[in-house]
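Single-structure report; data block below.
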Amino acid sequence: MSIKIFDSKVRKVVPFDTREEGKVAMYCCGPTVYNYIHIGNARTMLWFEFIRRYFEYRGYDVTYVMNYTDVDDKIIERSKIEKITPDGIALKYTKAFEDDLAAMGAETPDIVSKATDHIGGMIEAIEGLVEKGLAYESEGNVWYSVEKFDGYGKLSGRTLDDMRAGERVEPMPGKHHPLDFSLWKAAKEGEPSWDSPWGPGRPGWHIECSVMSTKYLGMGFDVHGGGTDLIFPHHENEIAQAEGLEDSEFVRHWMHAGMVQMGAEKMSKSLGNIVLAHDAVAQIGGEVLRYWALSGSYRSQVVFSDSALDDARASYERWSTFLSSARHSLGDDMPEAPVHPRRKVGGEGLEGPGSEFTQRFISSMDDDFNSAGAFAAVHELVTEGNKALEATHGGDVEARARLIALTSSFVELIAALGFGFAPSEGGSDVLVGGLVEFLLEMREQARAEKAFERADAIRDKLSELGVITEDTPSGTRWRLGAAD
RNA sequence: GGCGGCGUGGCCGAGUGGUUUAGGCAAGGGCCUGCAAAGCCCUGUACAGCGGUUCGAUUCCGCUCGCCGCCUCCA
């Protein structure tokens, strides 16, 4: 078995073939830290972090790099609005970004690189491009000359002529070609700036990604990711910069995630129809959002709506309910969730009742990260687990062994998917656990006396407070759900 | 106008040249339960339209219609 991915450069599914055996070097375009990110940004970043995890699950040694754009026009604007320095804005929203992604179960990349820590490298790269005749200076600005780079348009599948036809922008003064893009911007009064051979200024947006990705990963690294809206011009420009300078291939495989839709329209800052990830985490919860974001193909557009989230929540709860039920039933025999599950190519460890589902999970994911198929495998595993769980109540020893094996596969796959599932029964709060247990004992007494009104009153009150109780043949189990 | 993607049962959403079902949600019926909840079982016969290729197409090709993305900052 081996992984296949859809490579946007050739627009088809190709064998995943790494530069170095057993290692993956990947880069994803990160946020511009001028505000909270919206849920569309978040989905893309969750996906690439998930892909990174999956490579690790499949035994690869991964180096994952993400950039933070911390110098930009929008940061400068925002700093005027919030009346704090551009640095302060960048710091504030970098922290928020990291917290919000963590709440959705994403781990930090191996390397996060800030644009402002790499200005020197960018200046060198720009100088190199100027020397090679691919860029030119004009009044303190430096522009990339797209006509000088042969392959310009190869990623997005267009030619300069195609694009000229649909021009919608006024050419900037000083540019040779309307599509020439900025490498270095001359500083205006009061803006953050750095000294350069062309005078004080700051880098254009695109240059940071080519410089930082190749600094940490070298030329020809394995995977470069981002949203489809970055294909043109951002990624096209990255290629022009990196390959123009180095004369070798920049990236082996390009991957692009589909856009989040609000109704019939793309969620985008310019349309103003955005939902901030920060707010969504607070209102919906990180894990349900994660389920929503990852359960469909990364390449498809996906609608963000109440009904989509309701579906995601219901499906997710099927998993969390199974987990807490298994925990209740198995007690000390409950398998531990591996924090970083790793499964090498091959069949080792793939025996037993859960293996069928693990194999289906892997073969789906190997096929261009088909998470829909992988999620289906987990759901079917849960169905088998629930059957074993019922049989276990009857004291069936074999069923208990099967439940342990199935649960063990389940927690492995859940960890591979990046779901944490904090224990809810008892929670971390000993006091709450004790009180609930006490009330359940009272209720048990009432039930024994057939005083069902009293028993139901206790159950209703607990439910009102967010404690879900379920009677089983081997006792009442409970878990924390949403309070009314 | 140019480039690209998509159109699957009530909803979301995988997949495949043919005989056996994706999966989830919702719905109906049943089992279990003191009643619930959770769970399990059963039910639904779908692939936009029109042509073509083929012994056979939802699955390949063409056209039509519809939707979306990119071509401007954007995940």
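According to my numbering, the residues represented by the first sequence are 52 to 535, in order. Beta carbons: idealized from backbone N, C-alpha and C, even for Gly.
In chain order, what residues of the same chain lie with their CB nearer than 6 Å to the CB of Gly-276, ignoring the 5 residues before and after it?
For Gly-276, where only same-chain residues beyond five positions count, the Cβ hits under 6 Å are Cys-79, Phe-99, Met-306.
Report the option in Phe-426, Arg-394, Ser-348, Phe-412 whose CA atom is closest to the CA atom of Ser-366.
Minimum Cα distance to Ser-366 is reached at Phe-426.
Locate the alpha helix (DSSP H) running through Thr-210, then write down its first and last residues.
First-last for Thr-210: undefined, no H or E at that position.
What are the boundary residues of the alpha helix (DSSP H) that includes Thr-458?
Thr-458 -> alpha helix (DSSP H) spans 448-468.
Going by other Cβ atoms of all chains shown within 10 Å of its Cβ, with 16 needed for buried, is Val-193 buried or exposed?
Buried, by the Cβ-count rule.
Assess, as a yes-or-no matter, whether the stretch 160-176 is touched by the stretch 116-127 under the definition of 3 or more beta carbon pairs within less than 8 Å.
Yes, the stretch 116-127 is in contact with the stretch 160-176.
Less than 8 Å between the C-beta atoms of Lys-55 and Asp-298, yes or no?
Not a contact, by the Cβ cut-off of 8 Å.
Just to confirm my understanding: we take Asp-231, look at its own chain, exclude 5 residues before and 5 after, and list those with CB closer than 7 Å. What are they?
Excluding sequence neighbours, Asp-231 sits near Trp-194, Tyr-195, Ser-196, Val-197.
According to the neighbour-count rule (16 or more other Cβ atoms, all chains shown, within 10 Å of its Cβ), is Gly-255 buried or exposed?
Burial call: buried.
Taking the alpha carbon of Val-487 as the reference point, which residue from Arg-505, Ile-325, Gly-517, Glu-240 has its own alpha carbon closest?
Selected option, being the one with the closest Cα: Gly-517.
By a C-beta neighbour count over all protein chains shown, 10 Å radius and 16 as the cutoff for buried, is Thr-69 buried or exposed?
Looking at its Cβ environment, which holds 16 or more other Cβ atoms inside 10 Å, Thr-69 is buried.
Who are the Cβ neighbours of Ser-459 in its own chain at under 6 Å, not counting the five residues just before and after it?
Counting only Cβ-Cβ distances below 6 Å, and skipping sequence neighbours, we find Pro-386.
Please return the same chain residues whose Cβ sits closer than 6 Å to the Cβ of Ser-261, not counting the five positions on each side in sequence.
Excluding sequence neighbours, Ser-261 sits near Glu-289, Gln-292, Ala-293.
Taking the alpha-carbon positions, what's the Tyr-349 to Glu-175 distance?
Going from the Cα of Tyr-349 to the Cα of Glu-175 covers about 36 Å.
Consult DSSP for Cys-79 and reduce its assignment to one of helix, strand or coil.
If DSSP states are grouped into helix, strand and coil, Cys-79 belongs with the strands.
Looking at the unbroken alpha helix (DSSP H) that takes in Met-155, where does it start and where does it end?
Element bounds for Met-155: n/a, residue is neither H nor E.
Nearest by alpha-carbon distance to Lys-63: which of His-304, Gln-312, Pro-392 is it?
When only C-alpha atoms are compared, the closest one is His-304.
Using the C-alpha atoms, what's the distance from Arg-498 back to Arg-369?
Rounded to the nearest angstrom, the two C-alpha atoms are 28 Å apart.
Quick one: complete alpha helix (DSSP H) runs, 4+ long, within the stretch 249-301?
Here the runs fully enclosed are 256-268, 287-297.
Check for me: the alpha helix (DSSP H) holding Leu-490 runs from which residue to which?
Note, Leu-490: alpha helix (DSSP H), 481-499.
Give the DSSP-derived three-state secondary structure of Ile-162 in the structure shown.
If DSSP states are grouped into helix, strand and coil, Ile-162 belongs with the strands.
I need the DSSP call for His-228, collapsed to helix, strand or coil.
If DSSP states are grouped into helix, strand and coil, His-228 belongs with coil.
Tell me, please, which residues DSSP counts as bridged to Trp-235.
Val-193, Pro-254, per the DSSP bridge assignment.
Round the Cβ separation of Arg-505 and Ile-519 to the nearest angstrom and send it over; I've been treating them as touching at under 8 Å.
Contact doesn't hold; Cβ gap of about 19 Å is too wide.
Considering only DSSP beta bridges, list what Arg-528 is partnered with.
Arg-528 is bridged to Glu-521.
What are the start and end residues of the alpha helix (DSSP H) that includes Asp-362?
Here the alpha helix (DSSP H) through Asp-362 covers 357-381.
Work out the CA separation of Ile-325 and Thr-83 for me, nearest whole Å.
Cα-Cα distance, rounded: 16 Å.
Here's a check: name, in chain order, each residue in its chain whose Cβ is nearer than 8 Å to the Cβ of Ile-127, leaving out the five neighbours to either side.
The residues are Pro-137, Glu-242, Pro-243.
How is Glu-316 classed by DSSP in three states: helix, strand or coil?
Three-state DSSP puts Glu-316 in a strand.
Within 10 angstroms of the Cβ of Ser-371, are there 16 or more other Cβ atoms? Answer buried if so, exposed if not.
When all chains shown are included, Ser-371 counts as buried.
Are the Cβ atoms of Gly-405 and Gln-352 separated by less than 8 Å?
Contact flag unset, no.
Span of the alpha helix (DSSP H) holding Phe-57?
That residue, Phe-57, is in no alpha helix (DSSP H); its beta strand (DSSP E) goes 55-58.
Report the rounded CA-to-CA distance for Glu-188 versus His-228, giving the unit in angstroms.
Taking the straight line from one Cα to the other gives about 13 Å.
Excluding five sequence neighbours on each side, which residues of the same chain lie with their C-beta closer than 8 Å to the C-beta of Phe-373?
Contacts found: Val-433, Gly-436, Asn-437, Leu-440, Phe-461.
From this set, Phe-148, Thr-167, Arg-253, which residue's C-alpha is nearest Asp-121's C-alpha?
Selected option, being the one with the closest Cα: Thr-167.
When burial is assigned at 16 or more other CB atoms within 10 Å of the CB, is Phe-489 buried or exposed?
The residue is exposed, with fewer than 16 neighbouring Cβ atoms inside 10 Å.
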